[in-house]
Amino acid sequence: MSATTIGALIGGAIDSLSGDDGVADGAIIGAVTANVLKVVLPIAVTYAVGWAVLRGAAELRNQVFGKEQA
């Protein structure tokens with residue numbers, strides 16, 4: 064199953080818990096959310112890993128060469 068289908072199923076199930084209307088709008092919101100997360104989550108993880116690597120490189124440089132005088 065694709066992430067879009069799973070998102071639609073989860074969104075429909077959550078929307079059906081309220082019991083006041085159909086599940087179609089929840090399924091649409093779930094599908095859209097799944098597609099947005101497929102794009103945003105890898106970007107966020109890549110940014111976080113890159114930031115951590117740069118931070119670690121700066122700390123390593125400071126330990127090897129000493130603190131910079133500002």
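Using my numbering, read the sequence shown as starting at 64 and increasing by one per residue. Where is the CB? At the ideal position from N, CA and C, for every residue including glycine.
Answer with buried or exposed for residue i, where buried requires no fewer than 16 other C-beta atoms within 10 angstroms of its C-beta.
i	result
Ala97	buried
Looking only at its chain, what residues have a beta carbon closer than 6 Å to the beta carbon of residue i, apart from the 5 residues adjacent to it on each side?
i	result
Ile106	none
Lys101	Ala66
I need the boundaries of the alpha helix (DSSP H) containing residue i, first residue and last residue.
i	result
Leu117	Ala87 to Phe128
Gly70	Ala66 to Ser79
Short of 8 Å in beta carbon distance, which residues of its chain neighbour residue i, apart from the five on each side in sequence? Order them along the chain.
i	result
Gly89	Gly74, Gly75, Ala76, Ile77, Asp78 and Ser79
Would a C-beta distance cut-off of 7 Å place residue i and residue j closer than the cut-off?
i	j	result
Gly93	Ala71	yes
For the ligand PLP, is there any heavy atom lying closer than 6 Å to the beta carbon of residue i?
i	result
Ala115	Absent from the structure shown: the ligand PLP. Ligands present: none.
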